[in-house]
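Just below is one structure, and these are the notes that go with it.
Protein chains: 2
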Amino acid sequence: MVRTRVHNQFVSLDGYSAGEYVTFDQPIGDASRLFGWFDGRVIEGVHRVQEPVTLDRALFSMWGQGIGAEIMGRRKFGPQQGPWPDDGWRGWWGEQPPFKTPCFVLTHHPREQMVFENGTSFHFVDDTPEEVLRRAKEAADGLDVRIGGGPTTVRQFLRADLIDFMHLVIVPITLGRGVSLWHDVTGFEDRFALESVSSSSGLTHQLWNRRSTGS
Amino acid sequence: MVRTRVHNQFVSLDGYSAGEYVTFDQPIGDASRLFGWFDGRVIEGVHRVQEPVTLDRALFSMWGQGIGAEIMGRRKFGPQQGPWPDDGWRGWWGEQPPFKTPCFVLTHHPREQMVFENGTSFHFVDDTPEEVLRRAKEAADGLDVRIGGGPTTVRQFLRADLIDFMHLVIVPITLGRGVSLWHDVTGFEDRFALESVSSSSGLTHQLWNRRSTGS
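Chains as they are written, first to last, in full-length UniProt numbering: chain A, 1 to 215; chain B, 1 to 215.
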């Protein structure tokens, strides 16, 4: 069974998953405090960080397991808005994006794909969630598809009932403003089974598994 | 930093990690109830099982992350005792052992190594834990070394203070007899920081990180 999975989606106590303003200096807007708990290298495995193997790190490390493609929102790829400027931008990550799979970037302004030597490629698509997911599954070649965020993208797929698994991380801070993960989302919890656990750091990990998974 | 790690070491409430009698029919002796909670495929990642991504499965899936070699006791490799019979035995796993790295098998009866097409090899060594670990680290080529069990082997390395991380899984059953993980082990807990969490299945996961890690 091929799954559509969300990993390491950080959410503040007041429901925000990103800041309001994304700029070149602030890739996640004014919400960087959400990610203070996170050494990004652990997405490649607990061995990639020197620090102890904690519950937090163990759960973060699921990110890449069996993932064959990612779908992301345009803001995860870059801060530009509207038609793409001719600025040579190839994403936040330089020539070594961590994805190492095809990535489908949702945008109303399609453009040429970008291919990197480490297996990452970016494909810019303007289509329905269902159609983008169909293409991503095809590209994933039997592996799972990650919905990589940001919150607007996760919410869009959640409302379309296209998500099979979500690992949310409830961060014990408030942001007061930002992009909510929950705006206009109601009743989704009835479709999922939840296992929830808090770690010694104060984070709460929620593992949401869709009860009856389509494919 | 290269770590020496133990993963998915199941322990009963009364401290047993294997049965007393290992035979061809009973690879883990009469203690198979310890493993009823475990679908072994998950060691390759949570995507390998159809079932929901639970806390248990998430933690089990760390097993192979960044591991470059394993050290195992002789009984994990086979039920034979004394000099090796000429029986063509190549381990419990057929021609697809799950390890996919060099594995060092502790035995007082060294023999020729065995090499498999999937990257697994078995090297039979009669040496001190320190020396076997030195060889395993060399073979791991910068990755971590897993102490793969059984309990006698884990205990031996624990007593020699050669373990940096242990994921123990406390299973809510008693066995009454078997091979204890804790026989003659005292005071080890002072050398480790412990994070402990129980899952909805009733298992308790203990993540033991050595406080001051050598290399």
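Just so you know, even glycine gets a beta-carbon here, dropped at the ideal spot from N, CA and C.
Here the structure is a predicted model, which means the values were calculated and not measured.
By the three-class DSSP mapping on this structure, what secondary structure does F170/B have? Here residue 170/B corresponds to residue number 170 of the second sequence, with the count starting at 1. Position check: residue 170/B holds Ile in this sequence, whereas Phe was assumed. In the three-state reduction of the DSSP assignment, I170/B falls in the strand class.
Helix, strand or coil for W92/B per DSSP? On the second sequence, residue 92/B is found 92 positions in, with the first residue counted as 1. W92/B: coil per DSSP, three-state reduction.
Let me see if you follow: with CB-CB separation under 7 Å, is T54/B close to chain A or not? On the second sequence, residue 54/B is found 54 positions in, with the first residue counted as 1. Answer yes: the Cβ-Cβ gap between T54/B and chain A drops below 7 Å somewhere.
Note down, in chain order, every chain B residue with its Cβ under 7 Å from the Cβ of E70/A. The residue you call residue 70/A lines up with position 70 of the first sequence. Those do not exist, as E70/A stays about 14 Å from chain B at its closest Cβ, beyond 7 Å.
One or two residues paired with I163/B in a DSSP bridge: As a working mapping, residue 163/B is identified with position 163 in the second sequence. In DSSP, I163/B forms no bridge with anything.
Excluding the five sequence neighbours on either side, which residues of its own chain have a C-beta within less than 6 Å of the C-beta of residue 304/A, listed in chain order? There is simply no residue 304/A to check, as chain A begins at 1 and stops at 215 in what is shown.
Sheet register partners of M115/A (DSSP bridge): Along the first sequence, one-based indexing puts residue 115/A at 115. Strictly speaking, residue 115/A in this sequence is Val, with Met absent from that position. According to DSSP, which records beta bridges pairwise, V115/A is partnered with S121/A.
To the nearest angstrom, report how far apart F165/A and G187/A are at their CA atoms. For this step, residue 165/A is matched to residue 165 along the first sequence. For this step, residue 187/A is matched to residue 187 along the first sequence. If I take the Cα positions, the gap works out to 16 Å.
Name the residue from V46/B, K76/B, D56/B and P83/B whose alpha carbon lies nearest to the alpha carbon of Q65/A. Working through the first sequence from its first residue, we reach residue 65/A at position 65. Nearest of V46/B, K76/B, D56/B and P83/B to Q65/A, Cα basis: V46/B.
Would G68/B and T120/B qualify as a contact pair, given that the criterion is a beta-carbon distance under 7 Å? Translated into the one-based positions of the second sequence, residue 68/B becomes position 68. Translated into the one-based positions of the second sequence, residue 120/B becomes position 120. Their beta carbons are not under 7 Å apart, which means G68/B does not touch T120/B by this criterion.
Quick check: the Cα distance between T174/B and S12/B, rounded to an integer number of angstroms? Indexing the second sequence from 1 puts residue 174/B at position 174. Indexing the second sequence from 1 puts residue 12/B at position 12. Cα-Cα distance, rounded: 6 Å.
Can you find a C-beta in chain A that's less than 7 Å from the C-beta of H7/B? Walking along the second sequence from the start, residue 7/B turns up at place 7. By this cut-off, H7/B is not an interface position.
Which of helix, strand or coil DSSP assigns to A69/B: Counted from its first residue, the second sequence places residue 69/B at position 69. In this structure, A69/B counts as strand in the three-state DSSP scheme.
In three-state terms, what does DSSP make of A18/A? Stepping through the first sequence from its first residue, residue 18/A is reached at position 18. In the structure shown, A18/A sits in a strand (DSSP, three-state: E or B).
Is it buried or exposed for H115/B, if we count other Cβ within 10 angstroms and need 16 for buried? For the purposes of this step, residue 115/B is taken as the residue at position 115 of the second sequence. According to the sequence shown, residue 115/B is Val rather than His. Exposed.
Tell me the DSSP bridge mates of W208/A? Here residue 208/A corresponds to residue number 208 of the first sequence, with the count starting at 1. When beta bridges are read from the DSSP output, W208/A appears opposite M166/A and L194/A.
Among the residues of its own chain, which have a CB less than 6 Å from the CB of Q29/A, if the five just before and after it don't count? Here residue 29/A is taken as the residue at index 29 of the first sequence, counted from 1. For clarity, residue 29/A is Gly in the given sequence; the question names Gln instead. Taken in chain order, the residues that qualify are A18, G19, E20, Y21 and V22.
Would the stretch 130–137 of chain A count as touching the stretch 48–62 of chain A if we require 3 or more Cβ pairs under 8 Å? Contact between the stretch 130–137 of chain A and the stretch 48–62 of chain A is absent, because fewer than three Cβ pairs lie under 8 Å.
Given D126/B as reference, the closest of E117/B, R111/B, N8/B and A160/B once Cα atoms are compared: As a position in the second sequence, residue 126/B is number 126, starting the count at 1. Of the candidates E117/B, R111/B, N8/B and A160/B, the one whose C-alpha sits nearest the C-alpha of D126/B is R111/B.
Could you name the residues of chain B that L143/A contacts, counting a contact when the two beta carbons are closer than 8 Å? The residue labelled residue 143/A in the question sits at position 143 within the first sequence. In chain order: H47.
Hey, is the stretch 84–97 of chain A in contact with the stretch 132–151 of chain A, meaning 3+ C-beta pairs nearer than 8 Å? Touching, no, given that fewer than three Cβ pairs across the two stretches are closer than 8 Å.
Determine the DSSP secondary structure at V6/B, reduced to helix, strand or coil. Looking up residue 6/B in the second sequence gives position 6. Strand, per DSSP.
For residue 217/A and V179/B, I'd like the C-alpha separation in whole angstroms. Residue 217/A lies beyond the stretch modelled for chain A, which goes from 1 to 215, so this question has no answer here.
Check whether chain B comes within 7 Å of M62/A, counting only Cβ atoms and requiring the distance to be less than that. Position 62 of the first sequence, counted from the start, is the residue given in the question as residue 62/A. Contacts with chain B at 7 Å (Cβ-Cβ) include M62/A.
Taking only beta-carbon positions, decide if F165/B is within less than 7 Å of chain A. If you number the second sequence from 1, residue 165/B lands on position 165. Closer than 7 Å to some Cβ of chain A, the Cβ of F165/B qualifies, so yes.
Less than 8 Å between C-beta atoms, sequence neighbours within five positions excluded: which residues of the same chain meet that for T213/A? As a first step, residue 213/A must be located in the first sequence, where it is residue number 213. In this prediction, T213/A scores a pLDDT of 49, lower than 50, which makes its location untrustworthy; no coordinate-derived value is stated.
Chain B contacts from the stretch 6–39 of chain A (Cβ-Cβ distance under 8 Å): Cβ contacts with chain B come from no residue of the stretch 6–39 of chain A.
Identify the contact partners of M1/A in chain B, using a Cβ-Cβ distance below 7 Å as the criterion. Stepping through the first sequence from its first residue, residue 1/A is reached at position 1. In chain order: Q50.
So, is the C-beta of T204/A closer than 7 Å to a C-beta in chain B? What you label residue 204/A is simply residue 204 of the first sequence in a count that begins at 1. T204/A does not count as touching chain B.
Below 7 Å between beta carbons: does that hold for V171/B and F60/B? As a working note, residue 171/B is residue 171 in the second sequence. As a working note, residue 60/B is residue 60 in the second sequence. Contact: no.
Can you tell me which residues form a DSSP beta bridge with I147/A? On the first sequence, position 147 is the one that residue 147/A refers to. Paired residue(s): I71/A.
Name the chain B residues whose beta carbon is nearer than 9 Å to that of N209/A? Along the first sequence, one-based indexing puts residue 209/A at 209. Against N209/A, the close residues of chain B are E51, P52, V53 and T54, in the order they occur along the chain (beta-carbon pairs closer than 9 Å).
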